[in-house]
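Visitor: Just dropping this structure here.
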Amino acid sequence: MKKTLIALAILSTSAYADEGMWMPQQLPQVAKELKAAGLKLDPATLTKLTEFPMGAIVSLGGCSASFVSPQGLVATNHHCVYGSVAHNSTPERNLLANGFLAHNLGEELPASPGSRIWVTKAVTDVSKQVVTPEVAKLSGKARVDAIEKNQKSIQAECEKDAGHRCTVSSYYGGLEYYLIKQLEIRDVRLVHAPPEGVGKFGGDTDNWMWPRHTGDYGFYRAYVSKDGKAADYSKDNVPYVPQHYLKLAKEGVKEGDFIMVLGYPGRTNRHRLPSEVGFTFDWNYPAFVKQSAESLAIIADTTKDNKDTALKYASQVAGINNYYKNRQGMLDSYAGSDMLQRKTAEHEALKQWINADDKRKAEYASDIEQVEKLIAQRDAEIKRDYYFGSSKPRLLNTARMLYRLANENTKPDADRKAGYQVRDVPRLKSSVDALVRNYDEKVDKALVLNSLIKYAAQPAAERNAAFDSVVGIKDGMSKADLQAALDKLYAGSKLGDLAERKAWLDRKPADFKASDDAFIKAAVALYEPDLKDEAQEEELGGKLQQAYANYMKAKIAYMHSKGQAVYPDANSTLRVTFGKIAGRDPGADGTTWKAFTTVEGVAAKATGQGEFNAPAAQLKAIKAKEYGKYMDPKLKSVPVAYLATLDITGGNSGSAALNAKGEWIGLAFDGTLDSIISDWDFNKKMTRDIQVDLRYILWNMKYVDHADNLLKEMNAE
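Under mature numbering (1 follows the signal peptide of the UniProt record, and there is no 0), the letters of the sequence shown match residues -17 to -1, 1 to 700, in that order.
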């Protein structure tokens, strides 16, 4: 990070206690706040990514996790291993319902295709190498291409260290770039997941709610070759030996204790312009909620008579449900707030500050005006193409990917489009394999038809002419007409067969052009129009990136002038957030929210069926008060979950919660419904996140699942 911007970004952090997803390298600058909050470690140690505790923190790509044993055992949320549990489930062996425990290494199961464990090794500022003086002069697609070229060059040099994945990530709207170097562990195995009656207790009813009684935990193990190198799955591989792993807390936590969470938050939007706020909450999120509800109903209807198909879509249903409730919760919070008015007033104040000084006006004013125009153009295109995106069959998208790969393979690796280089091939192959256990033609066709009806109803000028030609869409088509067109398209393809899909991974462009497979033919027909659309998107994206970066530069300078700190929005890179364990008064329901829930709440909610089907062994242990050393002396029970004032978002799922000594005390897994709008607008008073208490995890493992081998491995016995 440029020294001047570091100075801007870390001033007056005390004004934002509990708020902030801090980059590790920023933490020495908030050392005073960390110490005041109760941290016993030297804050400087948290900047050292290969030392304790940061060296134990890993990413699963969409979820966070951590090493918890010297044998590569990885702890994360149940909903983060859910896809792997579903992948290994069958109607005859329903691991989702019954849970899974490997009693030894030999019983561990391969995780779902494409599963990865990413261990961050280094973070390096490469802003000047990405946006060179020459690149800074460019605009539009030329700028996008130049930035991508520099990113690929930097990544390629970094990846000469075999077994590592290197990514250049953007911060502050493209104002800065950092090289993230990660060890890529490709052999990931499922070790333990509790039954759904624990790991998903409360289901969608309790999702985003408090009080909460969900045992949202699960375990993977990382495997490498015998010489310790990252390797594909092999029976000869051995458990990875991490340099560092988390130690279990010696004492249970209590209200008021210091807590920090280390993980990989996905996306926040706190620096967005008022127009982006308005578009998101007035159009985009409502459209998303409506379509999600329709998709859930369609999947439920088309899988109700087929247990195997229902299992295939279980993970997708869980994901849709999660975001459906998330977005609806945000809409509800937004409806009763003055967020847009405040964002508008803040933005106007920024512009007034810029225009009050000739130098600032010359540096920033034109880009502020330009970014607003470009955002309006982008939002209009998002609205126009909303149903087009979900009107493509999954196998058509697979065919498009395969044909693009075949064409990119004809070029030198450095010239290939990002996402289609040699480094990307394993991920693409995994996506082809994964369709075996997460795709069904009947379900896919029903989902596509639902979107296609809406897409086809748009005026021809707002539709994609090439896609219309491929599918046979014309004005005025009925639902039956569209169904017939889809039936013909699906019936003309063999890509539903795994062997057929895999065969296309190694074929040449000429093979695609000669094929009579309906989806392959469609992919070939769409290729050139797709490239044209991509170029237009990149032209807009390049202009927007340039203007947005300068907008963020202006905003940082403005906030600095007011003595306020600026941390970058979350972007799936390693962050640290800290606060305290605390209830809330009043809660969203007008009652006081206690900081902890206990196992008595599980028994009170248990119905024996559906979302509240707690295991009989668990209920028996609760009734007998068989709590052992996991009982909290004040609560007189085993704590299940607790609230904290932490600043987290999606992607933080599975993040390790640590105490003041850096010891493991639980896993972050959710937020409360009325505080999730903090992705856009942090509210210190309302914001609470939810952790599953380590004591509940260990109690379940001992008294319910009898995972004695894992307890011994984690030194919990």
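Every residue gets a Cβ at the ideal spot worked out from N, C-alpha and C, and that includes glycine.
Small disclaimer: the values here were computed from a predicted structure and weren't measured.
Residues bridged to residue 246 by DSSP?
Guide: 558
Visitor: So, are the CB atoms of residue 582 and residue 621 less than 7 Å apart?
Guide: yes
Visitor: Going by C-alpha to C-alpha distance, which of 557, 453 and 113 sits closest to residue 164?
Guide: 557
Visitor: Helix, strand or coil for residue 574? Go by DSSP, reduced to three states.
Guide: DSSP places residue 574 outside both helix and strand once states are collapsed to three, so it counts as coil.
Visitor: DSSP on residue 168, reduced to helix/strand/coil?
Guide: Secondary structure of residue 168 (DSSP, three-state): strand.
Visitor: Which residue's Cα is closest to the Cα of residue 159: 595, 551 and 604?
Guide: 551
Visitor: Nearest-angstrom Cα distance between residue 12 and residue 515?
Guide: A direct Cα-to-Cα measurement between residue 12 and residue 515 gives close to 46 Å.
Visitor: Check whether the Cβ atoms of residue 173 and residue 47 lie closer than 7 Å to each other.
Guide: no
Visitor: In the structure shown, what three-state DSSP assignment does residue 159 receive?
Guide: strand
Visitor: What does residue 595 pair with, by DSSP beta-bridge criteria?
Guide: Answer is none; residue 595 lacks a bridge partner.
Visitor: Between the C-alpha atoms of residue 680 and residue 60, what's the straight-line distance to the nearest angstrom?
Guide: 11 Å
Visitor: Quick one: using the 10 Å Cβ neighbour count with 16 as the cut-off for buried, is residue 706 buried or exposed?
Guide: Missing from the structure shown is residue 706; the chain here goes from -17 to 700 and no further.
Visitor: Determine, using beta carbons only, whether residue 161 and residue 113 come nearer to each other than 7 Å.
Guide: no
Visitor: Kindly confirm or deny that the region 306 to 318 and the region 82 to 95 touch, where touching means at least three C-beta pairs closer than 8 Å.
Guide: no
Visitor: Nearest-angstrom Cα distance between residue 470 and residue 273?
Guide: 26 Å
Visitor: Residue 624 bridges to which residues according to DSSP?
Guide: 675
Visitor: Tell me, to the nearest whole angstrom, how far the beta carbon of residue 570 is from that of residue 627; I am working on the premise that it is less than 8 Å.
Guide: 15 Å between Cβ atoms; not a contact.
Visitor: Who are the near neighbours of residue 495 in its chain, counting only those whose CB is closer than 8 Å to its CB and skipping five residues on each side?
Guide: 385, 386, 389, 487, 503, 506 and 507
Visitor: In this structure, how does DSSP classify residue 108 when only helix, strand and coil are distinguished?
Guide: strand
Visitor: Please report how far the alpha carbon of residue 607 lies from the alpha carbon of residue 222, in whole angstroms.
Guide: 38 Å
Visitor: Name the one or two DSSP bridge partners that residue 40 has.
Guide: 49
Visitor: Going by DSSP, what residue range makes up the alpha helix (DSSP H) through residue 354?
Guide: Residues 341 to 367.
Visitor: With residue 186 as the anchor, note down where its alpha helix (DSSP H) starts and where it stops.
Guide: 186 to 189
Visitor: Buried or exposed for residue 529, please, with buried defined as at least 16 other CB atoms from any protein chain shown within 10 angstroms of its CB.
Guide: buried
Visitor: Cα separation between residue 100 and residue 178?
Guide: 23 Å
Visitor: Helix, strand or coil for residue 203, going by three-state DSSP, please let me know.
Guide: strand
Visitor: Span of the beta strand (DSSP E) holding residue 150?
Guide: Element bounds for residue 150: 147 to 154.
Visitor: Using the DSSP secondary-structure output, state which residues sit across from residue 102 in a beta bridge.
Guide: 41 and 166
Visitor: So residue 197 and residue 185 are in contact, right, with Cβ under 8 Å, and what is the actual spacing, rounded?
Guide: 5 Å
Visitor: Would you kindly work out how many angstroms separate the C-alpha atoms of residue 540 and residue 345, rounded to a whole number?
Guide: 14 Å
Visitor: Would you kindly work out how many angstroms separate the C-alpha atoms of residue 669 and residue 656, rounded to a whole number?
Guide: 10 Å
Visitor: Under 7 Å between the Cβ atoms of residue 354 and residue 531?
Guide: yes
Visitor: Express the C-alpha separation of residue 253 and residue 484 in angstroms, rounding to a whole number.
Guide: 42 Å
Visitor: Based on DSSP bridge pairs, tell me the residues matched to residue 221.
Guide: 207
Visitor: If you draw a straight line from the C-alpha of residue 425 to the C-alpha of residue 290, how long is it?
Guide: Roughly 14 Å separates the two Cα atoms.
Visitor: Taking only the alpha-carbon atoms, compute the straight-line gap between residue 475 and residue 379 and give it to the nearest angstrom.
Guide: 12 Å
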